[in-house]
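Heads up, the sequence shown is in full-length UniProt numbering, so the first residue is 1 and it goes up one at a time. All C-beta atoms, glycine included, are put in the ideal place defined by N, C-alpha and C. All values derive from a computational prediction rather than experimental measurement.
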Amino acid sequence: MVAGQSRAGRHDEGCGGGWEVGRTDSEHRPAGTPLLDAVSAGSACVSPGDCRVANAEERLMDDLLNRTRYNNLIRPAASSAQLVSIQLQLSLAQLISVNEREQIMTTNVWLKQEWTDYRLAWNSSRYEGVNILRIPAKRIWLPDIVLYNNADGTYEVSLYTNVVVRANGSIFWLPPAIYKSACKIEVKHFPFDQQNCTLKFRSWTYDHTEIDMVLRSPTASMDDFTPSGEWDIVALPGRRNEHPDDSTYVDITYDFVIRRKPLFYTINLIIPCVLITSLAVLVFYLPSDCGEKMTLCISVLLALTVFLLLISKIVPPTSLDVPLVGKYLMFTMVLVTFSIVTSVCVLNVHHRSPSTHTMAPWVRRCFLHRLPAFLFMKRPDGGPSRAPPPGRPRRTQPDAAGAPHLYGASMYFVNPASADPKSPAGSGSASGSSSDAAGPARGSRLRSLGRGRQDVQEALEGVSFIAQHMRSDDQDQSVIEDWKYVAMVVDRLFLWVFVVVCVLGTVGLFLPPLFQTHTPSEGP
1 MVAGQSRAGR
11 HDEGCGGGWE
21 VGRTDSEHRP
31 AGTPLLDAVS
41 AGSACVSPGD
51 CRVANAEERL
61 MDDLLNRTRY
71 NNLIRPAASS
81 AQLVSIQLQL
91 SLAQLISVNE
101 REQIMTTNVW
111 LKQEWTDYRL
121 AWNSSRYEGV
131 NILRIPAKRI
141 WLPDIVLYNN
151 ADGTYEVSLY
161 TNVVVRANGS
171 IFWLPPAIYK
181 SACKIEVKHF
191 PFDQQNCTLK
201 FRSWTYDHTE
211 IDMVLRSPTA
221 SMDDFTPSGE
231 WDIVALPGRR
241 NEHPDDSTYV
251 DITYDFVIRR
261 KPLFYTINLI
271 IPCVLITSLA
281 VLVFYLPSDC
291 GEKMTLCISV
301 LLALTVFLLL
311 ISKIVPPTSL
321 DVPLVGKYLM
331 FTMVLVTFSI
341 VTSVCVLNVH
351 HRSPSTHTMA
361 PWVRRCFLHR
371 LPAFLFMKRP
381 DGGPSRAPPP
391 GRPRRTQPDA
401 AGAPHLYGAS
411 MYFVNPASAD
421 PKSPAGSGSA
431 SGSSSDAAGP
441 ARGSRLRSLG
451 RGRQDVQEAL
461 EGVSFIAQHM
471 RSDDQDQSVI
481 EDWKYVAMVV
491 DRLFLWVFVV
501 VCVLGTVGLF
511 LPPLFQTHTP
521 SEGP
């Protein structure tokens with residue numbers, strides 16, 4: 001009450017003109033400049049009422065901020081036990097950037113602050129009805145509220161705008177600021193991630209026994225927000241925190257729950273990765289004889305390695321978690337490595353021959369009869385044992401004694417009686433006289449037939465060897481083709497395994513981030 005009476009007395013004295021600071025400029029202006037006085041008087045006011053209001057605001061400014069009655073270093077409290085209530089609200093103007101690698105969020109905000117300073121109250125009727133006065137911020141007491149989790153070195157606001165003071169002593173201050181705050185980046189679901197960055201405000205020198213920070217609104221204002229091209233604002237809740245073990249601690253914290261717009265990374269990162277991974281499927285369709293299986297596998301592996309290096313330059317270098325894209329790249333690299341191993345196995349099986357490997361019965365049973373049916377495969381000839389290719393004449397298979405028809409012909413030439421069908425011996429009516437007469441000629445003929453029989457026998461042995469060799473080649477070729485078909489079955493089996501694992505792994509990696517929910521941060 002005493003303080004109120006003294007303030008009223010001072011206001012009365014100021015209105016009565018008892019203070020020197022209430023004099024007009026004409027009283028202090030040096031004499032001898034009548035022309036300047038006339039110009040100033042003619043241009044300062046449009047009407048007498050405007051001049052009275054301007055003079056009233058000038059008097060009010062001088063009365064309120066007189067150094068004899070106002071000190072901007074003193075907290076506006078009537079007693080040391082009185083708390084100064086500071087109402088705080090954040091207004092987000094723009095989310096400038098989020099640097100994942102340096103873990104810094106840059107925002108353009110307006111920090112609304114309201115409090116009451118009893119020393120700046122006045123009776124508006126004594127000052128021509130002036131109810132609002134705008135005063136430079138540095139001329140009055142300000143709560144030294146700063147950003148505690150600052151990451152740039154600038155803790156305070158960037159521009160000290162004028163404060164709006166009302167006749168009842170209430171003060172409204174809306175300074176703009178560009179804050180760079182520390183933000184812990186969660187890279188687990190990158191690029192489908194959702195971040196929770198905080199802005200923590202607290203008085204730098206005053207504690208809870210001197211000022212009380214009150215949350216003006218449960219959420220930050222977005223009335224003047226400019227949308228970001230990379231992030232969506234999910235929520236901007238605010239909370240007032242008090243430490244259970246420290247009664248002097250109080251702060252105001254705003255949670256910036258933001259979700260990344262994944263279109264850029266989907267087009268430039270994920271889709272190329274998926275397409276490159278799909279090239280690994282073609283490895284199983286390449287014929288083993290072309291010799292390009294290993295080249296394609298290693299090319300895909302190198303391309304995925306390049307994408308992995310790109311990811312390492314974007315996300316923060318942390319060992320706490322692996323980003324989603326990094327997991328997918330590692331998953332695809334494992335699959336491509338698996339395709340390289342399977343290609344080596346398939347090529348090994350493909351180039352087997354009877355001279356190096358013997359096909360086990362279970363291999364023939366599983367890979368030539370059972371698995372092809374499950375893998376929707378069918379050999380054109382219907383089985384491993386095939387007829388000779390068309391265009392090749394069928395060869396007569398000799399028995400244990402060789403080629404019977406050929407040996408029959410040899411017997412025909414060796415038998416003297418059957419050597420000439422027109423001979424008497426062949427007709428069964430031979431006389432002894434004619435036999436004796438033909439003795440010398442017959443001996444020479446038998447000797448000639450003996451020599452011919454030896455030549456024919458050698459020729460028959462050569463033909464038999466060639467037939468056996470060709471039959472052995474056919475059998476070897478049949479076994480080689482069986483090994484090639486086994487390699488084809490193994491290739492098709494690994495193809496289905498690769499496709500199923502790739503689809504399930506891709507869905508399992510990219511589906512959970514789409515259903516992630518916001519978890520609010522805990523207080524100190």
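- Spanning the alpha carbons of residue 375 and residue 494 requires a straight line of approximately 11 Å.
- Between residue 73 and the set 162, 128, 148 and 143, the nearest pair of CA atoms involves 143.
- Within a 10 Å sphere around the beta-carbon of residue 364 sit fewer than 16 other beta-carbons, which makes this residue exposed.
- Within a 10 Å sphere around the beta-carbon of residue 462 sit fewer than 16 other beta-carbons, which makes this residue exposed.
- Residue environment for residue 355: exposed (fewer than 16 other C-beta atoms within 10 angstroms of its C-beta).
- Per the coordinates, the alpha-carbon of residue 492 lies some 25 Å from the alpha-carbon of residue 303.
- Here the C-alpha atom of residue 497 lies approximately 18 Å from the C-alpha atom of residue 275.
- For the options 360, 480, 317 and 485, the alpha carbon positioned closest to that of residue 371 is the one of 485.
- Setting aside the 5 residues that flank it on each side, residue 187 is surrounded in the same chain by 315, 321 and 323, each with a C-beta closer than 6 Å to its C-beta; the list follows chain order.
- In this chain, the alpha helix (DSSP H) harbouring residue 281 covers 271 to 282.
- Secondary-structure assignment with DSSP links residue 98 through a beta bridge to 105.
- Residue burial is scored here from C-beta neighbours: residue 67 has fewer than 16 other C-beta atoms within 10 angstroms and is therefore classed as exposed.
- In the three-state DSSP reduction, residue 161 falls in the coil class, being neither helix nor strand.
- The DSSP-derived three-state label of residue 119 is helix.
- The three-state secondary structure of residue 168, taken from DSSP, is coil.
- Secondary structure at residue 224: coil, using DSSP grouped into helix, strand and coil.
- Distance from the CA atom of residue 224 to the CA atom of residue 308, rounded to whole angstroms, is 39 Å.
- A contact is defined here as three or more CB-CB pairs under 8 Å, and the segment 173 to 188 meets this definition with respect to the segment 102 to 116.
- DSSP assignment within the segment 189 to 257 yields the following whole beta strand (DSSP E) runs of 3 residues or more, N-terminal first: 194 to 203, 211 to 215, 231 to 235 and 238 to 243.
- Closest in alpha carbon position to residue 261, among 367, 192, 110 and 255, is 192.
- A distance of 8 Å or more separates the beta carbons of residue 169 and residue 90.
- With a cutoff of 8 Å on beta-carbon distance, residue 327 and residue 253 are scored as not near each other.
- Taking 4 residues as the minimum length, the alpha helix (DSSP H) runs contained wholly in the segment 317 to 383 are 324 to 350, 361 to 365 and 371 to 374, in order along the chain.
- The distance from the Cβ of residue 239 to that of residue 88 is about 12 Å, inconsistent with a contact at the 8 Å cut-off.
- Scanning 336, 470 and 369 for the CA closest to the CA of residue 501 turns up 336.
- Between residue 250 and residue 242, the beta carbon gap of about 5 Å places them in contact (Cβ cut-off 8 Å).
- Boundaries of the alpha helix (DSSP H) around residue 312: 293 to 314.
- Excluding five sequence positions before and after residue 60, the CB atoms of its chain that fall closer than 8 Å to its own CB belong to 122, 127, 130 and 133, given in chain order.
- The three-state reading of DSSP puts residue 79 in coil, since its state is none of H, G, I, E or B.
- Contact between residue 95 and residue 231 holds: their C-beta atoms lie close to 6 Å from each other, under 8 Å.
- In the displayed model, residue 136 falls within coil according to three-state DSSP, outside both helix and strand.
- If you look at residue 179, you'll find it in the beta strand (DSSP E) that goes 176 to 182.
- Closest by C-alpha distance to residue 138, out of 62, 71 and 103, is 71.
- Taking 8 Å as the cut-off, the beta carbon of residue 103 is found closer than this to the beta carbon of residue 184.
- In the DSSP annotation of this structure, the continuous segment of the beta strand (DSSP E) that includes residue 146 starts and ends at 145 to 147.
- The shortest C-alpha to C-alpha distance from residue 167 to any of 101, 151 and 57 is the one to 57.
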